[in-house]
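The structure under discussion appears below in the form of C-alpha cells.
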Amino acid sequence: MNYFNREMHSGGYERMSSEDIERRVAEMDGYRTFMRSTTSHYDPIFTPLFTAIGFSTVGIAGTSISAVSIASAIATTALSIGLQYLLAPKPPKPDDGKQPMTQAIPYRHWVVGRRRVSGAYMLWDSKGKYLYAVQAIAGHKISSINRYWLHDDEVTLDVDSNVEALADGRYKSNMVQVYSRLGLPTETAYAPLVEALAADDVWTENHRGDGQASIALVAKTPVAKYYTERFPYGAPRLSVEVDGAFVWDYRIDEDPSNPAAWVFSRNAALIMAWHQCFNEFGHKRDYAKAILPVIDMWKAEADVCDEDVPLSGGGTEKRYLCDGFATAENDPKVGTNAILAACDGWICERGDGALLFVVGKFREEYCTTLRDRDITGYQLQHDVLFKDECNRLVPKFTYPATDYTTSDTDFFEDTDAQLLSGRVLAQEADYGWCTQWRQARRLGIRDWRRFQQKKKGTLDVRLCGINAVYSRWIRMETPLGLPSLHDAIIENRRSVLALTKGGYTMDFIQHPENIDDWTPATDEGAAPPVPPKPTIAGIPTPEIDTIEVVPKSGVVFLRISIPVPDGDEDEVDDKSLAVRYRLKDAGLGVPGEWVEQIFHEPEIVADVMIVSTAPVPSDELLEVEAAYISAKGKYGLWSITEEIFTTSDPVAPSALTVFTQTAAAPHLGHAVFSLTTANDAHLKTVKLYRKATGVALNIAVDTPLATLTVASSIAATYGYTDGDASRTNIISNGDFAASLTGWTAGSGWSWNAGVAKKTAGTASDLTQAVGGMAAGDVMRIAVDMSARTAGQMTISLTGTTNVNSTGKTVNGSYLERLTANASSVGFRLRGDATFDGAGDNVVVFKETGTCAPQGVWDYYAVPFNGSGVAGATSGPVTVTII
0 MNYFNREMHS GGYERMSSED IERRVAEMDG YRTFMRSTTS HYDPIFTPLF TAIGFSTVGI
60 AGTSISAVSI ASAIATTALS IGLQYLLAPK PPKPDDGKQP MTQAIPYRHW VVGRRRVSGA
120 YMLWDSKGKY LYAVQAIAGH KISSINRYWL HDDEVTLDVD SNVEALADGR YKSNMVQVYS
180 RLGLPTETAY APLVEALAAD DVWTENHRGD GQASIALVAK TPVAKYYTER FPYGAPRLSV
240 EVDGAFVWDY RIDEDPSNPA AWVFSRNAAL IMAWHQCFNE FGHKRDYAKA ILPVIDMWKA
300 EADVCDEDVP LSGGGTEKRY LCDGFATAEN DPKVGTNAIL AACDGWICER GDGALLFVVG
360 KFREEYCTTL RDRDITGYQL QHDVLFKDEC NRLVPKFTYP ATDYTTSDTD FFEDTDAQLL
420 SGRVLAQEAD YGWCTQWRQA RRLGIRDWRR FQQKKKGTLD VRLCGINAVY SRWIRMETPL
480 GLPSLHDAII ENRRSVLALT KGGYTMDFIQ HPENIDDWTP ATDEGAAPPV PPKPTIAGIP
540 TPEIDTIEVV PKSGVVFLRI SIPVPDGDED EVDDKSLAVR YRLKDAGLGV PGEWVEQIFH
600 EPEIVADVMI VSTAPVPSDE LLEVEAAYIS AKGKYGLWSI TEEIFTTSDP VAPSALTVFT
660 QTAAAPHLGH AVFSLTTAND AHLKTVKLYR KATGVALNIA VDTPLATLTV ASSIAATYGY
720 TDGDASRTNI ISNGDFAASL TGWTAGSGWS WNAGVAKKTA GTASDLTQAV GGMAAGDVMR
780 IAVDMSARTA GQMTISLTGT TNVNSTGKTV NGSYLERLTA NASSVGFRLR GDATFDGAGD
840 NVVVFKETGT CAPQGVWDYY AVPFNGSGVA GATSGPVTVT II
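With numbering that gives the first Met the number 0, letter number 698 in the sequence shown gets 697, and the count goes up by one each step, no holes.
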C-alpha cells in the first residue's frame, strides 16, 4: 500500500478540500505514469537516445537499435580507493619508469603530461669496448626531453651529448653519450650506432623509428682499475623526464585539423579528450560525435583544470594537472580511470555517442532534479559496516622531487572515530597520475569528505528521469519516497541501463556541501619529505632552514638561513656556499634556467649561516637550492628544493569607493557594473567575482569573473559587462501595462490592473506568436505569478509539440530555460481548470553562448596590489539574470 492509498484508507480525503483532492489525484496519476514529465526532460541534447530506441528493445517508439547500444549511456567516476580499485587493472607504477622493459616483443608506451620514463629496449648490444642501447619511450611524437638519469643519478649533457661527470668521478672522461628522437613522422637513425653496427646489419639507416620517440645510449667500458668508480652500479641504465603527447586544445580551434590547435599540455581535460579520440592506444572515438556536440562543456572543464589555486606560501598552481604513462598492454579504460583520478573526474557516454565530462568542482549548472515520481525503487545505506569503515585516508601520488617515486602526503583522519573503533582504519587513495603534492591533498580532501557522508546506495530511475542519469549531481525532491534525502544533493557515481527495472540503476553518495572548501594555510599540509642523498667525498649537504623575501627600493632579495652541520663550524670553515634559484614555471610549465651565486665567507650567527642574494625576480614562484663547495672547487650535493613566492609589495590596496550595477531591470542575459578606485600607488588590478546568492566569497579558491587592470596614480571609474548585452525581449506587451494587446486570450483570461488575470472554470491559454525560434534554441523566460488562490499555471513554447515547464502553484518570480523544437512558433501561459491567479512581466529571449548564467547572483569586486595582496571586498551586489 503506497502513501497515497494509506491516506485514502485512513479517511484522509474526508478531511480535505476538493482542491486538495484534485491535487492528490493528479500526483497519484503522476506516479502511475511511466513517462511523466519533470523538469529534467527538456534539454534536447538527451533526445537522441530516445529517438534511436525501438520497440524491439525496450518498447519506446523509434527506430530499432540493440540493448548493447543503449547500455553505452553509462556514467562513471574514478576508482582510486577501496576493494573495487584493488581488483581493477592499473597502469604501470612510477618505479616502472626507471628501468627499461626487456622483452622479446615489448608493448608500446604512451605518455601524457610530464613523467619519468625508460620505455623498452629495442637494442642492447656491445661491440669491442662499447655498449649500444636504444629504448623506445613512446609510440607517438612527444614535446621534449627535460632531464636524464643513469640509474638513480640525475645527470646533465654537454653540447656534444656527453654525460657530464658527477663530483665523485662517476661517468667521468666522456664515458657515456646520450641521444634522443622526439618521434617525428619521418625520423633520423642514430648516426653513432649506424657507424658502429651497420656493417653487421644490426642497426642501419633504415632503423629510423618513424613516429616513435626514443633515446639511445653509447657507453665506453673503463679500464678495470676505474670501473667501479665510473660505473658503481654496473652498466648504465638510462631513463628520462619527458613532456609527452601533443593534445588537441579545442579552445584554440574546434577543428582538430588545424596544426596550431595541437599543443603540449598537462591539462587533465585536454588529455582526456585526446585519450578518448586521438590516442592510438585509447578508445578511438569519433571526435565529431564524442566531443563536438558538447564542446562548450569540454571547454569549461579545461578552463577549470587551468584555474590558478593559491598556495599557502604565495603563488599559485594549476588546479588539475595530469602526468602519466601506460602501455598498449593496458586496456584504454585503465588510462581513463587514471586521468579521472587525477582530476576527480566524472564521465558519461550519452546514447548518441557524445561524452559528458565534469572535473571535480561543484557547479549548479551540472545539477538536475529527481522527484518522487522519477524513482521506482531504492536501496539506502545510512552508515557503513565496520569492515568498510575508514577513519584515516592517505593520499598517494607520484613525486618528482624524489625522482618520480610514489609518495604520501599528510593524511586526513577522524580521531573521534578512531577512539570509537579502537584502532586506526586506514585506506590509501591512489592518484598515481598526479605529480603535485598539493593537488593530491586537494583530491584527497574531496574523497575524505565523501567518506564522511555515510548515506549512499542505489536508485532505480525511470526513463523519464534520464537527465539525472546524465548529470553528475542531483538535487532530490523526494518528501514522500525518500524524506531523509529530501532537499539534499547526491552524486551520481555510476549509472547503467536496467531493462528489467524499466530504466536505469544509479549508484550514489550524498554530496558533501563543503567539498570545494579549501584554505591553503590549514588544508595544504606540509610538503612530503625528500630523503637526503649520500654526501660526496665528505662534503655535507646543506639544509635550508628559512628563506625570507626582503623587498627594498622596488626590488626583492632573498635572505637564506642554513644551520651549520651538527653545530660544528669546522665542518664548513674551509668551504664556500653556492645558492641557486630558478623560476618554477617560465612558461608552459617548464622551469627556467638556474641562476647561481657563490658566497666565499658567509656570515655565521649562533651556528646558522646567513646569506643575502642579489636581486631576484619579483612576484614569481622560485625554486631555491644550496650546496657546499670544497676548497678545491668540488661541489657537494644540492639541498632539497625549496619554493618561495617573491612578494614585492605586502601592503593591501585601498578599497573601492563605488561598486554598483547600472543597467535597469530586467537583466536579459547580462549585468552592467561601474566601479571607482581610490588614488593608491599599491593598487594594480580589480577582480570581479560572481557567486550564487547567499554563498560566501572565498578569493583563495574562487575563480574571478574578470580581472581589470586599473590606474594606481589617480582615482578613476571603470565599467564591465558580464554577459551578452545584445539580448532583447521578443514578447510584445509583456508587462500588460494597459491591455492584453498582442496576446490571444482564452476563456477566463482578461486584463486587470496591469496584469493578465485568469479565473477558475476551464483550462485555457494566453498565447502570443513568436518568430525566429529554431530547433535546439534555448529560450530564457521570466514570468511573475501573483494573486494565485488555486490551481496551477504552466509556461510553454507552443507548436505541434509543446515544450512545457513544470506547473507553478506558488506566487513568485519564475526563471525558465526551455529548448525549442522544429515546430516551436509561439509562447503561452496555460492555467488549468482550477487556476485562479495572474501572470505579469513576461520576458522571452534566445540564449547565446556569451550570456551570463541564469539565476540570482551576488557580485563582488576586490582590489589587488601587484603582488596579489587583496584589499577590502566590495559587495555583494545582487542581480537577477534572466
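C-beta: ideal position from N, C-alpha, C; glycine also.
Whole-Å CB distance - residue i paired with residue j, under 8 Å assumed
| i | j | result |
| --- | --- | --- |
| Val529 | Ala677 | Their Cβ separation, rounded to whole angstroms, is 45 Å, which puts Val529 and Ala677 out of contact at 8 Å. |
| Thr326 | Pro91 | 7 Å |
| Tyr319 | Cys347 | Rounded, the Cβ-Cβ distance is 18 Å, inconsistent with contact. |
| Asp839 | Arg787 | With 8 Å as the limit, Asp839 and Arg787 do not qualify as a contact, their Cβ atoms being about 12 Å apart. |
| Lys453 | Leu379 | Not quite, the Cβ-Cβ distance comes to about 10 Å (not below 8 Å), so this is no contact. |
| Val578 | Ala630 | Contact doesn't hold; Cβ gap of about 18 Å is too wide. |
| Trp742 | Asn732 | 7 Å |
| Ala670 | Ala680 | Not a contact, Cβ separation roughly 31 Å. |
| Asn266 | Ala301 | 6 Å |
For residue i, the three-state DSSP class (helix, strand or coil)
| i | result |
| --- | --- |
| Asp776 | coil |
| Gly811 | strand |
| Ile597 | strand |
| Pro862 | strand |
| Ala821 | coil |
| Asp413 | coil |
| Thr885 | Since the first and last residues shown for the chain are 0 and 881, residue 885 lies out of range. |
| Ala299 | helix |
| Gly874 | strand |
| Cys276 | helix |
| Ser785 | strand |
| Gln438 | helix |
| Cys366 | strand |
| Glu624 | strand |
| Leu424 | coil |
Spatial distance of residue i from residue j (CA atoms)
| i | j | result |
| --- | --- | --- |
| Pro99 | Asn329 | 17 Å |
| Val293 | Tyr717 | 35 Å |
| Val604 | Gly312 | 26 Å |
| Asp516 | Arg448 | 10 Å |
| Trp202 | Asn161 | 21 Å |
| Asp783 | Ser795 | 14 Å |
| Ile730 | Leu696 | 36 Å |
| Ala762 | Thr833 | 7 Å |
| Val571 | Ser560 | 14 Å |
| Thr414 | Asp446 | 17 Å |
| Thr847 | Ala691 | 20 Å |
| Asp295 | Ala340 | 22 Å |
| Ala759 | Trp750 | 15 Å |
| Leu418 | Gly524 | 23 Å |
| Asp94 | Gly431 | 11 Å |
| Met608 | Pro562 | 6 Å |
| Glu542 | Thr404 | 21 Å |
| Thr38 | Thr805 | At Thr38 the pLDDT is 41, less than 50, meaning the model places this residue with poor confidence and gives no usable figure here. |
| Leu817 | Ser823 | 11 Å |
Close Cβ partners of residue i (< 7 Å) along its chain, the five nearest in sequence each way excluded
| i | result |
| --- | --- |
| Gln435 | Glu316 and Leu320 |
| Asp248 | Ala260, Val262, Ser264 and Leu269 |
| Gly182 | Ala137, His139, Lys140, Ile141, Gly210, Gln211 and Ala212 |
| Asn123 | Contrary to the premise, residue 123 reads as Trp rather than Asn in this sequence. The residues are Ala132. |
| Ser238 | Gly96, Lys97, Arg115, Val116, Ser117 and Trp148 |
| Lys219 | Lys128, Tyr129 and Met174 |
| Lys171 | Ala164 and Arg229 |
Neighbourhood of residue i by C-beta distance below 8 Å, restricted to the same chain and skipping five residues each side
| i | result |
| --- | --- |
| Arg581 | Pro590, Gly591, Glu592, Trp593, Val594, Leu621 and Glu622 |
| Ile881 | Pro665, His666, Leu667, Gly668, Arg779, Ile780, Ala781, Leu814, Val842, Phe844 and Gln853 |
| Thr375 | Asp459, Val460, Arg461, Lys500, Gly501 and Gly502 |
| Ser746 | Gly760, Thr761 and Ser763 |
Close beta carbons around residue i, own chain, < 6 Å, minus the five adjacent residues each side
| i | result |
| --- | --- |
| Cys389 | Leu424, Gln426 and Phe450 |
| His150 | Tyr232 and Arg236 |
| Thr702 | Glu306 |
| Glu26 | Bear in mind that a pLDDT of 49 at Glu26, under 50, signals an unreliable position, so the number given afterwards is only what the model happens to contain. Once the five neighbours on either side are set aside, Glu26 has no close Cβ partner at all. |
> At a cut of 8 Å, does the stretch 608-628 reach the stretch 541-558 through at least three beta carbon pairs?
Replying inline: yes
> Quick one: any contact between the stretch 768-778 and the stretch 853-860, if contact means 3 or more CB pairs under 8 Å?
Replying inline: no
> When the Cβ atoms of the stretch 490-500 are set against those of the stretch 596-603, are three or more pairs found closer than 8 Å?
Replying inline: no
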